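Undergrad:
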Amino acid sequence: MKLFEYQAKETFRKNGIPTPQSMLITSVDELGAASDMTGFPLVLKSQLLMGGRGKAGLIRFVKDRAQAEEECAQLFASYYNVKKILVEQAVHIKSEIYLSITVDPVAAKHMIIACADGGVEIETLAETAPEKIIREYIDPDSGISPYQMRNVAFQLGLNGDVMKKFSSVLGKLYTAFKANDAELIEINPLFITGDEDVVAGDGKLSIDDNSDFRQNTYEKTREYYDSDAEYESALEGIPYLQFDGDISLMCAGAGLTTTVYDLINYEGGTVANYLEFGGPNYKKAVRAMELCLKNESKVILVVTFGTIARADVMAEGIVEAINRLKPDRPIVTCIRGTNEEEANRILKDAGLVPLYDTEEAVRKAVSIAAGGDA
Amino acid sequence: MKLFEYQAKETFRKNGIPTPQSMLITSVDELGAASDMTGFPLVLKSQLLMGGRGKAGLIRFVKDRAQAEEECAQLFASYYNVKKILVEQAVHIKSEIYLSITVDPVAAKHMIIACADGGVEIETLAETAPEKIIREYIDPDSGISPYQMRNVAFQLGLNGDVMKKFSSVLGKLYTAFKANDAELIEINPLFITGDEDVVAGDGKLSIDDNSDFRQNTYEKTREYYDSDAEYESALEGIPYLQFDGDISLMCAGAGLTTTVYDLINYEGGTVANYLEFGGPNYKKAVRAMELCLKNESKVILVVTFGTIARADVMAEGIVEAINRLKPDRPIVTCIRGTNEEEANRILKDAGLVPLYDTEEAVRKAVSIAAGGDA
Amino acid sequence: MSIFIDENTKVLVQGITGKEGRFWTDHMIGCGTNVVAGVTPGKEGQKVEGREVYHSVRRAVEQEDVEASMLFVPPRFTKDAVFEALDSGIKKIVTVADGIPLHDAIQIRKAALLEGALVIGGNTSGVISPGKAMMGFFPYWIERVYKPGRIGIMTRSGSLTNEVTAMVVKAGFGVTSLIGIGGDPVPGTRFAEMLPFYEADDETDAVVLIGELGGSMEEECAQMKRDGLFTKPLVAFLGGRTAPEGKRMGHAGAIVSGGKGSVKDKIEAIESVGGKVAERPRFVGDYLKELLGQ
Amino acid sequence: MSIFIDENTKVLVQGITGKEGRFWTDHMIGCGTNVVAGVTPGKEGQKVEGREVYHSVRRAVEQEDVEASMLFVPPRFTKDAVFEALDSGIKKIVTVADGIPLHDAIQIRKAALLEGALVIGGNTSGVISPGKAMMGFFPYWIERVYKPGRIGIMTRSGSLTNEVTAMVVKAGFGVTSLIGIGGDPVPGTRFAEMLPFYEADDETDAVVLIGELGGSMEEECAQMKRDGLFTKPLVAFLGGRTAPEGKRMGHAGAIVSGGKGSVKDKIEAIESVGGKVAERPRFVGDYLKELLGQ
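Protein chains in written order, with my numbering: chain A, 1 to 374; chain B, 375 to 748; chain C, 749 to 1042; chain D, 1043 to 1336.
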């Protein structure tokens, strides 16, 4: 679960990492109270999960009240559906640093990534100037040691008081990384101010969904998702991606669903949505089809090849879904695996024409989407 | 620093380990309020740091108010100088377990020690029935895992709900062990009650003095020490042990002081006090001599062989101490090491007769103590 | 010779008394697996499929010879169960749990590396040497998929593995050892770490790699081949060729980000060392025929 | 050959710009030690005794060959400094800090074992190969104590070591390598772990062990001798023969408790394998003469 900037900064503050003075507002009316707190100049930061907010004009530096109100109104009215703006004190910046912590799956360690060129996307830098990227590996059991914080600071060219303040921020960021079961925690940019303070200019925090049982600070609300279908599927725990093509995928197995997605593209078809109802969700055929039907797709393609996810149970689910939802579009099925004979009997009894080969099923769906016979 | 039972139990409760209902009292007057809380029967537990309180009659099981008042008054009036009594609810005990955590210096791990025969001294058991002692080793970085708690529980023969409760207590005890920089944390006995609850019947917690800078919950007050001299030396950080012989040791170096102690015994002398003013204390000769003079010893024996602890600085200290304290007993010196020539000149100038051989110095001190010439 | 397990490998089942544990223990035995005992805390004295159940792995290994442990344990308890197995000296562990917390997974892999153990999973169907033994839940009863033979298979997927393996069998081959390293972002064991075992196995003629977008595991395999540490024919099938950048498609962690982890890069890496990458599952069999000169 | 260090060993000094660090770096160089550089965070660019100072061990080892590190670092920062040295691959570390927290000491020793490194200390005077090199603060200028020769010495003490070594020298011997493992309850390296180095050293004829009540380190040495892993003459001097039970006398952790750790037991253990235990420091020289046939 990816958090908004203002939430990441809440976590930073809880862990003692300095952030600029700020207030979250949901309408232009609240701007006065916010600017009383931050003073001018200030920065209006649209709270959206997308990257590149700066380039998209969603972050505005304003000098006075009049400008603030105008730009704030613009942001709330923008195409991007801005619901919340973080009004933040403008800090006098001497330099900017990139700092993040994630995991290294090969070394089985936590990995600190830092760069003296803050503000830029680290992925871009990895392409253009990989030698500028500093990495420090942390043993997940013994945790970070002060010398490792200093190692990063010295490699960044910091010294004296700033070195000490940076090391302290890094130590606290690491504490937050572990305590929040973070996939990624990032400060980009981390400001070094004119007063030699070290302050988090931005904040990203992505929490591992598998840790939900021990991490429940933030509820999964609609605002974290781009579409209703993505939100609803997330609540169900069903992997779902929104596209805008013709074929709704309702497949089982992450790898197989991705493969079907590829095959559709090879055959010249287009995908309306990616939906994976394998694993723990294999009994959720009704709910899955409901999500597919929210799209204006022309056909639903069901491909499975399951083990625990028994073919007969899935077939029963499909038939039940058809009976209950009365879908307005054709359904192509290719259900294999444990009890596949029984599954195909069930499908036939329900008037479907089960297929047995994935490519054949894909071609059939593409043909239907192109106007061919069901 | 060894804590009192009531303090160890405070720590237990803070960490979620169940303890019987109890109240600490400092006079018989408070008994009523305490017994109102615990009900009868109750246990009166004298708060002393010595072992074997039960055998010494310092723990009393009482049935009613009258008996409680009588026994309580006896305890406060006893030879052992009881200042505080823990009034504790009497628990219905089904069985007793021994449980402690300490460090294993060879394996470099934390070590859980447990035994199904609670209540007895573990050292005694180590002699008589070592096969009954259960040990579980914990990596100091990764910490305790639930399977290790269960391993101990199953070896103790626990099962079902009691197994789960015991495992929980062990996990919390481990947390307390680490959080308090404990040398030893011990629950002996750990009660299994008639209701299958797991409750700490007693508590020992010894905190590593080297961790004082990060462990300052309890102040070192007089009540932790047997004598004024031990208390005052502890405040100074000077290792000191009280004996009742004739010769006050004022030596430098833990190993050398112990060796001088041995040599005095070999020569038929007796030690009044062991005092080690080497290392960081080597400039504290005045304070050290002051502590020695608190004893009714017949001679003060100074033996050193120092490096950083420079011989000349020590000699100057001795001379200053003599000038300021005007000791009423002879002083034998044997000061060697860095700048020893200068040291011996200083001692001679002050009218002392410096010796150069430890055994010679010891014989001289023993002779003086036996009435010989200084 | 088989990789990881064969019919002689002495297998312990942790979580044997649970519904899933019982069901698949039955199937593992049915498949030929030498299950010697089980563990469920608090259930010592019970039996499952005639095998003794112990309170703990330590008590089990005191009574039984154990070489490998199969975990049917919920994700949140998996780290503890893996640590327990490692602590008893078990060097082969399979965990099928789907949903192991990332930070636990890092600690699991670290512990495995430290102990020199192979932890396979989580989020996997497990390991199967068709006709000999299985740890996990493969539909070994589907004969057009799990036929014995001389092809090694490594995979991140479940259903896709059935799909691709069926194509391998359709082409006239069979499988020596199939290792499902699992779809988690931090699997306990990585593809490249299994290659030396396939290299040393006389009964494996070639290896099929079923990978996907994201991560660097396929590139690591290419590097092994480049370094001469793996010399047998290598055919890969990689899901997510047409996946758009920035979307998490497939397993957790399968994402193309900042131009890294794209299937295009992986194809280049594998082909640059003489491996083949099949565009469709069906082509895997064709490439095997080509490389093995059949 | 010397144990641990000789005049060629390249030594780094962590905490070199502190008062103690500067003072003893000067003395170490005066004693013949090959000090190559120093480390103090934030002080890079300075020089101490002509040696470059670096911000970190990592930066030092990038610039200089380093084989051993000498720590003049306060006790509460010692764990971090040891970890820093280990992280840069340094396998010989001496820390003189007196007052290292017990829980830190456990982690230090664990890390050292894991890395296969020797961490000597804390609470020690260090290590000296008289006439060649020193790491720590031995009064090498006292010639009646620190005379080169063919006797190896291991000790937990400072002043007592001066006392006993003076007796060894008085008896006509000298010292090859003196290792002060330190007086802490959990030293980074234990007596028995140094014995193989003395065993392998052609220039060491016998070893003197300066121990005390408490712990089991002397018994571990006896076990090494029993196991045939140490075959040279062994003479021990043990403080605390007459120490009463239950009193902490000597170094931290030196306590007889529950009948364990008594000097009596240690004497039995050492004598049972042919070692000698001197009742007085003076007798150490006599026993050496006896065992070495002089």
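No residue lacks a Cβ here, since even glycine has one placed at the ideal position from N, Cα and C.
Since the structure is predicted, the reported quantities are computational estimates derived from the model, not experimental observations.
(1) Using a 10 Å radius around the Cβ and a threshold of 16 neighbouring Cβ atoms, would you call N871/C buried or exposed?
(2) Put F12/A into one of helix, strand or coil per three-state DSSP.
(3) Is it right to say Y137/A is buried, meaning 16 or more other beta carbons lie within 10 angstroms of its own, or is it exposed?
(4) Among the candidates F191/A, K172/A, A176/A, whose CA atom is the shortest distance from the CA of V162/A?
(5) Who pairs with F305/A in a beta bridge, going by DSSP?
(6) Expressed to the nearest angstrom, what Euclidean distance is found between the alpha-carbon atoms of Y640/B and T1284/D?
(7) Quick check on the DSSP output: what are the complete alpha helix (DSSP H) runs of length 4 or more inside the region 1231-1303 of chain D, in order along the chain?
(8) If we cut at 9 Å on Cβ distances, does T1067/D have a partner in chain B?
(9) Of all the options D600/B, A608/B, E570/B, which has the alpha carbon lying nearest to the alpha carbon of E593/B?
(10) Would you please verify whether the beta carbon of S142/A is less than 9 Å from any beta carbon of chain B?
(11) Does the separation of the CB atoms of L834/C and A808/C fall below 9 Å?
(12) Listing by chain order, which chain D residues have their CB less than 9 Å from the CB of Y80/A?
(13) Out of curiosity, what's the CA-to-CA distance linking K506/B and V106/A?
(14) At a Cβ cut of 8 Å, what residues of the region 168-188 of chain A count as close to chain D, listed as they run along the chain?
(15) If we count the other Cβ atoms within 10 Å of its Cβ and call it buried at 16 or more, is W1066/D buried or exposed?
(16) Mind checking which residues open and close the beta strand (DSSP E) that includes A1320/D?
(17) Residues of chain B with CB under 8 Å from V1228/D, in chain order?
(18) Could you have a look at N1050/D and say whether DSSP puts it in helix, strand or coil?
(19) Determine the extent of the alpha helix (DSSP H) in which P789/C is found, giving its start and end residues.
(20) Can you give me the start and stop residues for the alpha helix (DSSP H) that D636/B sits inside?
(21) With 9 Å set as the bound, which would you pick, yes or no: does the beta-carbon of F213/A sit closer than that to a beta-carbon of chain C?
(22) Just to check my reading of the structure: G1009/C and G963/C have Cβ atoms closer than 8 Å, yes? What is that Cβ distance to the nearest angstrom?
(23) Assuming K109/A is part of the beta strand (DSSP E), what are its boundary residues?
(24) In the DSSP assignment, what residue or residues form a beta bridge with M289/A?
(25) When you compare each of E797/C, A948/C, I1018/C, G922/C to L977/C by their alpha carbons, which one comes out closest?
(26) So, are the CB atoms of A556/B and P392/B less than 9 Å apart?
(27) What does a CB cutoff of less than 6 Å around Y380/B pick up in its chain, not counting 5 residues either side in sequence?
(28) Could you compute how far the alpha carbon of L532/B sits from the alpha carbon of V787/C?
(29) Which residues of chain D have a Cβ atom closer than 8 Å to the Cβ of R150/A, listed in chain order?
(30) Could you list the residues in the region 1125-1142 of chain D with a C-beta less than 7 Å from some C-beta on chain A, going in chain order?
(31) By DSSP's criteria, F98/A is part of a beta bridge. Which residues make up the other side?
(32) Looking at A288/A: is its Cβ nearer than 9 Å to the Cβ of I322/A?
(33) What residue range does the beta strand (DSSP E) around S46/A cover?
(34) Tell me which residues of the region 259-293 of chain A have at least one Cβ-Cβ distance to chain C shorter than 8 Å, keeping chain order.
(35) Suppose the cutoff is 6 Å on Cβ atoms and the five residues either side in sequence are ignored; what does the same chain contact list for E863/C look like?
(36) Which one or two residues does DSSP pair with I1015/C in a beta bridge?
TA: On the basis of the supplied data:
(1) Along the third sequence, read from residue 1 onward, the residue named residue 871/C stands at position 123. Burial call: buried.
(2) Numbered from its first residue, the first sequence carries residue 12/A at position 12. Reduced to three states, the DSSP call for F12/A is helix.
(3) Residue 137/A sits at position 137 when you count from the first residue of the first sequence. It counts as exposed.
(4) Sequence index remark: in the first sequence, residue 162/A carries index 162 (1-based). Among F191/A, K172/A, A176/A, the Cα nearest to that of V162/A is on F191/A.
(5) Along the first sequence, one-based indexing puts residue 305/A at 305. DSSP lists R336/A as partners of F305/A.
(6) For the purposes of this step, residue 640/B is taken as the residue at position 266 of the second sequence. For the purposes of this step, residue 1284/D is taken as the residue at position 242 of the fourth sequence. So the alpha carbons of these two residues sit roughly 9 Å apart.
(7) 1233-1242, 1259-1268
(8) In the fourth sequence, residue 1067/D corresponds to position 25, counting from 1. For T1067/D, no Cβ of chain B is located within less than 9 Å of the residue's own Cβ.
(9) For the purposes of this step, residue 593/B is taken as residue 219 along the second sequence, with counting starting at 1. When only C-alpha atoms are compared, the closest one is A608/B.
(10) Stepping through the first sequence from its first residue, residue 142/A is reached at position 142. Yes, its Cβ sits closer than 9 Å to a Cβ of chain B.
(11) What you label residue 834/C is simply residue 86 of the third sequence in a count that begins at 1. What you label residue 808/C is simply residue 60 of the third sequence in a count that begins at 1. No, the pair does not count as a contact, with Cβ atoms beyond the cut-off.
(12) By 1-based counting over the first sequence, the position of residue 80/A is 80. None at all; the shortest Cβ gap to chain D is about 45 Å.
(13) Numbered from its first residue, the second sequence carries residue 506/B at position 132. Numbered from its first residue, the first sequence carries residue 106/A at position 106. Approximately 44 Å between the Cα atoms of the pair.
(14) Cβ contacts with chain D come from no residue of the region 168-188 of chain A.
(15) As a first step, residue 1066/D must be located in the fourth sequence, where it is residue number 24. Here W1066/D is buried. Its C-beta has 16 or more other C-beta atoms within 10 Å.
(16) On the fourth sequence, position 278 is the one that residue 1320/D refers to. It spans 1318-1320 - the beta strand (DSSP E) in which A1320/D sits, taken as one unbroken run.
(17) The residue given as residue 1228/D occupies position 186 in the fourth sequence. Those within 8 Å of V1228/D in chain B are V477, P479, A482.
(18) Position 8 of the fourth sequence, counting from 1, holds the residue named residue 1050/D. Looking at N1050/D - three-state DSSP - the assignment turns out to be coil, as it is neither helix nor strand.
(19) For this step, residue 789/C is matched to residue 41 along the third sequence. Unbroken run through P789/C: none, as it is neither H nor E.
(20) Residue mapping note: residue 636/B aligns to position 262 of the second sequence, counting from 1. From DSSP, the alpha helix (DSSP H) with D636/B extends over 628-640.
(21) As a position in the first sequence, residue 213/A is number 213, starting the count at 1. With its beta carbon less than 9 Å from one in chain C, F213/A belongs to the interface.
(22) Taking the third sequence and counting its residues from 1, one reaches residue 1009/C at position 261. Taking the third sequence and counting its residues from 1, one reaches residue 963/C at position 215. Yes, G1009/C and G963/C are in contact; Cβ-Cβ is about 6 Å, under 8 Å.
(23) If you number the first sequence from 1, residue 109/A lands on position 109. K109/A -> beta strand (DSSP E) spans 109-115.
(24) Counted from its first residue, the first sequence places residue 289/A at position 289. DSSP, once it has assigned bridges, lists no residue as partnering M289/A.
(25) Position 229 of the third sequence, counted from the start, is the residue given in the question as residue 977/C. Answer by Cα proximity: A948/C.
(26) Locating residue 556/B in the second sequence gives position 182, counting from the first residue. Locating residue 392/B in the second sequence gives position 18, counting from the first residue. Taking 9 Å as the cut-off, the beta carbon of A556/B is found no closer than this to the beta carbon of P392/B.
(27) Against the second sequence, residue 380/B aligns to sequence position 6. So the qualifying residues of the chain are L398, Q421, L460.
(28) Here residue 532/B refers to the residue found at position 158 when the second sequence is read from its first residue. Here residue 787/C refers to the residue found at position 39 when the third sequence is read from its first residue. Taking the straight line from one Cα to the other gives about 16 Å.
(29) In the first sequence, residue 150/A corresponds to position 150, counting from 1. Under the 8 Å cutoff, chain D gives P1083, H1097, S1098.
(30) F1125, E1126
(31) Taking the first residue of the first sequence as 1, we reach residue 98/A at position 98. Inspection of the sequence shows that residue 98/A is occupied by Tyr rather than by Phe. Bridge partners of Y98/A: C115/A.
(32) Taking the first residue of the first sequence as 1, we reach residue 288/A at position 288. Taking the first residue of the first sequence as 1, we reach residue 322/A at position 322. Their beta carbons are not under 9 Å apart, which means A288/A does not touch I322/A by this criterion.
(33) In the first sequence, residue 46/A corresponds to position 46, counting from 1. Per DSSP, S46/A belongs to the beta strand (DSSP E) from 42-46.
(34) So the list reads T259, Y261, D262, L263, N265, Y266, Y274, G278, G279, P280, given in the order they occur along the chain.
(35) Along the third sequence, read from residue 1 onward, the residue named residue 863/C stands at position 115. Once the five neighbours on either side are set aside, the close Cβ partners of E863/C are L834.
(36) Mapped onto the third sequence, residue 1015/C falls at position 267. None; I1015/C has no bridge partner.
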